[in-house]
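Chemist:
Number of protein chains: 2
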Amino acid sequence: MIACPVLSLPNLNSTASTSEPNSEPQARKLKSSSQLNRWSRARAIRSGRKLDRSGNQSGQAVAGVKSPPPPPVHFQSTESSVSLETEKTSDGVEKTAGKSIYMISDGTGWTVEHSVNAALGQFEHCLVDRGCAVNTHLFSGIDDVEQLMGIIKQAAKEGAMVTYTLADPSMAESAEQACKIWGIPSTDILGPITEAIASHLGVSPSGLPRGAPGRNFPLSDEYFKRIEAIEFTIKQDDGALPKNLIKADIVLAGVSRTGKTPLSIYLAQKGYKVANVPIVMGVELPKTLFQVDPEKVFGLTVNSVVLQAIRRARAKSLGFGAEVRSNYSEMDYVREELEFAGRIFAQNPAWPVIEVTGKAIEETAAVVLRLYHDRKNRCSMPRISKRY
Amino acid sequence: MIACPVLSLPNLNSTASTSEPNSEPQARKLKSSSQLNRWSRARAIRSGRKLDRSGNQSGQAVAGVKSPPPPPVHFQSTESSVSLETEKTSDGVEKTAGKSIYMISDGTGWTVEHSVNAALGQFEHCLVDRGCAVNTHLFSGIDDVEQLMGIIKQAAKEGAMVTYTLADPSMAESAEQACKIWGIPSTDILGPITEAIASHLGVSPSGLPRGAPGRNFPLSDEYFKRIEAIEFTIKQDDGALPKNLIKADIVLAGVSRTGKTPLSIYLAQKGYKVANVPIVMGVELPKTLFQVDPEKVFGLTVNSVVLQAIRRARAKSLGFGAEVRSNYSEMDYVREELEFAGRIFAQNPAWPVIEVTGKAIEETAAVVLRLYHDRKNRCSMPRISKRY
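Listed in order, the protein sequences are those of chains A and B. Going by the working numbering, the first sequence opens with residue 148, and the numbers climb by one from there. Going by the working numbering, the second sequence opens with residue 148, and the numbers climb by one from there.
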């Protein structure tokens, strides 16, 4: 058996909830800084909550768990600190450097993963230089309490924090109580928003994860619309089938390497049928581009220096010949082509032109959809509204 | 100006934070049920928090806001109830039926949207029959406090609840305080998890939204890997370029309409290079499919009755002729083709076969990735690990 990225561990089904973990949880050493303290205080004061999460809180038995894992009684001194460097444990298993975040879900786990990723974006300043390396571990489809307890036990051993999305209130409760007993910092990602929506609607949540037998509506019309949008968008990619531009919700136009394809795909995943039309100097654009509703056409532009760098890398990776490469990525050509695109955009003033330099696809998509919905709804407050 | 889906409203910049809203917020009528009460109590007891969110809490001035909006002093009786039916306000603007959820973000807003959608999945039992119709409104790129206050003011008028992801602590604080003052239920989606990660890492968050000037690392290597994966996956779609199967991370094989294309695209968005190979009776499969590492090949199968229904709808929408249609979607043919695929799967026992009937693409993707990472890491506990 090859070593796991963090720690190999015994088969869950035979050990979960019934025996003590092989080694005791590590004591937590919290690196603290005055900056963190200031920030924590500010948040604690604002929220009226306490930040303190010291381990080993005395807890009651976990509700819903037949045999709760015993709380840690003592700590092994050999494992008493969380090291940021790779080290080998006594059984030769390599432990990966960095702190761990466990993400547990009774469904796909994409919501907890998405939220943790977004929150980690707030720590890029230290993640990039590995000053605070982080390992995330996603456990999806966790639908019984034994599995859940096994994972939380492992989190305790590893000194990880635990985040979870568990629709079944008794599972969520078990997770919370077990983390309390074991002194593990934990966050219920969807609990608070589900609770707030329940109050707002005056309706209680189903408590069933997606795909559970009691859930009767797994695939909605909106779902099939999204699938259709993806298929449409792939077929229309890179100027294919210009006759069908009329059927698109959104049309993207721009020179090569402005991110039209990944942007189209991202928007398609959100349910929009997207066509993209490449602007190439000397190649006539399809007439249909000027016949469709100009409010659905978006121009993409990018800084010429950045574009040249991207194109050079691209030409190299595709193994273009020297002649093609110079045409494609030389500065004069890049500038001229961007100017050519600029003239087309100027002739079509109803098309918004979006500068994509340094923007992630997700960010450009947000701008496109904001404009798309603004124009469609003529609201003075930019918003994207949906009905459920 | 065409009517907005909910309410048209005056230009924000001229009115936000400086004048009272045009009409006062509506009194909240909370539909309550004994089921909801039981559920709320259970959660409140578990979390040690109070569910009570009654409006008009006396609040202090909003920190970080130059001139906080005055708290509502009185309610107009003409707008005092939240109706679930469409109605017209005095200025002829149509109000949409259902309760509103405002989603405010200083970035793209995809995290708050994703979380609210996931939470709404818990209310499908009443959303489907419109027993509790919901309208969501996404406000992305909200980076100044005046805009923020304008939106919260509008939420108050509309009787909406507010959810937000705001990286800047003073913006988050302003939102929280304003919602308190105005008696609006509000949820900070990313605050708790960011706070927990800060404690865990011993590092304070940057407080800067993605793309803000102080953020220097907008596009990581992982980001470019994802873009590359999307481009690879589109090129490989539907059996194109079988020579390149070797370069794929994941290969999907299945008969037509088992969801290979949207599943490939979804996995590509997560950074995996995916190739998909259609299984068609009478058509030889590419030899490379049997030469690549069998651990990266996944078979997809589906219930024959469901497949026939999907294919019939597909054939109709594509306008297939009668002969093609019968071959493609007649029951005998569908069954035979599935059996043909089944024999290929049986001959390649290392390929896991996933039954996709009734599964959303996201759910199948979760299964594929769980198996993919399990096999790669040989962990006894199924997890998907990543380093940051």
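Virtual Cβ for every residue (Gly too), placed ideally from N, Cα, C.
Taking the alpha carbon of Val-559 of chain A as the reference point, which residue from A:Tyr-480, A:Glu-484, A:Ile-501 and A:Ile-491 has its own alpha carbon closest?
Modeler: As shown, chain A starts at 148 and ends at 535. That puts residue 559 of chain A outside it, with no answer to give.
Chemist: Taking Cβ-Cβ distances shorter than 7 Å, what residues in chain A pair up with Thr-504 of chain B?
Modeler: Correct list: empty, because the minimum Cβ distance to chain A is about 10 Å.
Chemist: Could you give the distance in angstroms between the alpha-carbon of Val-515 of chain A and the alpha-carbon of Thr-380 of chain A?
Modeler: 16 Å
Chemist: Under 6 Å Cβ to Cβ from Asp-396 of chain B, same chain only, skipping five residues before and after it: list those, please.
Modeler: Tyr-419 and Lys-420
Chemist: Taking buried to mean at least 16 other C-beta atoms within 10 Å of its own C-beta, is Val-229 of chain A buried or exposed?
Modeler: Here Val-229 of chain A scores only 33 on pLDDT, less than 50, and its place in the model should not be relied on; the value that follows carries that caveat. Classification of Val-229 of chain A: buried, given that the 10 Å Cβ count is 16 or more.
Chemist: So, under 8 Å CB-CB, Asn-282 of chain B and Gly-254 of chain B are touching, yes? Tell me the CB distance rounded to an integer number of Å.
Modeler: Not confirmed; about 22 Å, so no contact.
Chemist: If you measure between the beta carbons of Val-500 of chain A and Thr-511 of chain A, is that distance less than 8 Å?
Modeler: Judged by beta-carbon spacing, Thr-511 of chain A lies beyond the 8 Å limit of Val-500 of chain A, meaning their Cβ atoms are not closer than that value.
Chemist: Are any of the Cβ atoms in chain B nearer than 8 Å to that of Asn-282 of chain A?
Modeler: yes
Chemist: Kindly provide the ranges of any beta strand (DSSP E) runs that are 3 or more residues long and lie completely inside the region 390 to 478 of chain B, ordered along the chain.
Modeler: Segments of the beta strand (DSSP E) lying fully in the region 390 to 478 of chain B: 397 to 401, 421 to 425 and 444 to 448.
Chemist: List the residues of chain A that Pro-441 of chain B touches, going by C-beta distances under 7 Å, in chain order.
Modeler: The premise fails here: Pro-441 of chain B is roughly 17 Å from chain A at the closest Cβ pair, so nothing lies under 7 Å.
Chemist: Is it true that the CB of Phe-371 of chain A sits closer than 8 Å to the CB of Met-428 of chain A?
Modeler: no
Chemist: Rounded to a whole number of angstroms, what is the C-alpha to C-alpha distance between Gly-354 of chain A and Gln-269 of chain B?
Modeler: 6 Å
Chemist: Closer than 8 Å, Cβ to Cβ, to anything on chain A: give me those residues from the region 260 to 282 of chain B, in chain order.
Modeler: His-261, Ser-262, Val-263, Ala-265, Ala-266, Leu-267, Gly-268, Gln-269, Phe-270, Glu-271, His-272, Cys-273, Leu-274, Val-275, Gly-278, Cys-279, Ala-280, Val-281 and Asn-282
Chemist: Excluding the 5 residues flanking Trp-498 of chain A on each side, which residues of the same chain have their C-beta closer than 7 Å to its C-beta?
Modeler: Pro-441, Val-444, Phe-445, Gly-446 and Phe-492
Chemist: At 8 Å on the CB atoms, spell out the chain A contacts of Gln-301 of chain B, in chain order.
Modeler: Met-528
Chemist: Three or more C-beta pairs under 8 Å: does that hold for the region 251 to 265 of chain B against the region 330 to 342 of chain B?
Modeler: yes
Chemist: Enumerated in chain order, which unbroken segments of the beta strand (DSSP E) with a length of 3 residues or greater are wholly contained in the region 317 to 369 of chain A?
Modeler: 333 to 335
Chemist: Alpha helix (DSSP H) containing Thr-283 of chain A: first to last residue?
Modeler: For Thr-283 of chain A, there is no enclosing alpha helix (DSSP H); the enclosing beta strand (DSSP E) has its first and last residue at 281 to 286.
Chemist: At 7 Å on the CB atoms, spell out the chain A contacts of Leu-285 of chain B, in chain order.
Modeler: Arg-530 and Ile-531
Chemist: Taking only the alpha-carbon atoms, compute the straight-line gap between Pro-332 of chain B and Ile-298 of chain B and give it to the nearest angstrom.
Modeler: Distance between the alpha carbons of Pro-332 of chain B and Ile-298 of chain B is about 14 Å.
Chemist: Cα separation between Ile-374 of chain B and Arg-277 of chain B?
Modeler: C-alpha separation (whole angstroms): 39 Å.
Chemist: What number of angstroms, rounded off, separates the C-alpha of Lys-463 of chain A from the C-alpha of Arg-404 of chain A?
Modeler: 14 Å
Chemist: Name the residue from B:Ile-251, B:Thr-435 and B:Met-478 whose alpha carbon lies nearest to the alpha carbon of Ala-302 of chain B.
Modeler: B:Ile-251
Chemist: Roughly how far, in whole angstroms, is the beta-carbon of Ala-325 of chain B from the beta-carbon of Tyr-311 of chain B, given that I think they are within contact range, below 8 Å?
Modeler: Not a contact, Cβ separation roughly 11 Å.
Chemist: Run through chain A and tell me which residues come within less than 9 Å of Glu-509 of chain B, C-beta to C-beta.
Modeler: Under the 9 Å cutoff, chain A gives Gly-254, Thr-255, Trp-257 and Arg-357.
Chemist: Report the residue from A:Lys-382, A:Gly-330 and A:Ala-507 whose alpha carbon sits nearest the alpha carbon of Glu-305 of chain A.
Modeler: A:Gly-330
Chemist: I'd like the list of long-range same chain contacts for Ala-280 of chain A, defined as Cβ closer than 8 Å, with 5 residues on each side in sequence excluded.
Modeler: Leu-231, Ala-244, Gly-245, Lys-246 and Leu-274
Chemist: Of all the alpha helix (DSSP H) runs that stay within the bounds of the region 479 to 526 of chain B, which reach a length of 4 or more residues?
Modeler: 508 to 524, all fully within the region 479 to 526 of chain B.
Chemist: If we cut at 8 Å on Cβ distances, does Tyr-370 of chain A have a partner in chain B?
Modeler: yes
Chemist: Pull up the distance between the alpha-carbon of Leu-414 of chain B and that of Ala-314 of chain B, whole angstroms please.
Modeler: One Cα belongs to Leu-414 of chain B, the other to Ala-314 of chain B, and the distance between them is close to 28 Å.
Chemist: In its own chain, which residues sit with a C-beta less than 6 Å from the C-beta of Lys-407 of chain B, not counting the 5 before and 5 after it?
Modeler: If we look at Lys-407 of chain B and ignore the five residues flanking it on each side, its Cβ neighbours are Leu-399, Gly-401 and Asn-423.
Chemist: List, in chain order, every chain B residue whose beta-carbon is nearer than 8 Å to that of Tyr-475 of chain A.
Modeler: Neighbours of Tyr-475 of chain A on chain B: none; closest Cβ ~16 Å, over 8 Å.
Chemist: Find the residues of chain B that neighbour Asp-384 of chain A, judging by a C-beta separation of less than 7 Å, and give them in chain order.
Modeler: Ile-381
Chemist: Roughly how many angstroms separate the alpha carbons of Glu-509 of chain B and Leu-410 of chain B, rounded to a whole number?
Modeler: 8 Å
Chemist: Could you please give the first and the last residue of the uninterrupted beta strand (DSSP E) stretch that includes Ile-289 of chain B?
Modeler: Premise fails: Ile-289 of chain B is in no beta strand (DSSP E) and is neither H nor E.
Chemist: With a 10 Å radius around its C-beta and 16 neighbouring C-beta atoms as the bar for buried, classify Ala-376 of chain B as buried or exposed.
Modeler: Ala-376 of chain B comes out buried.
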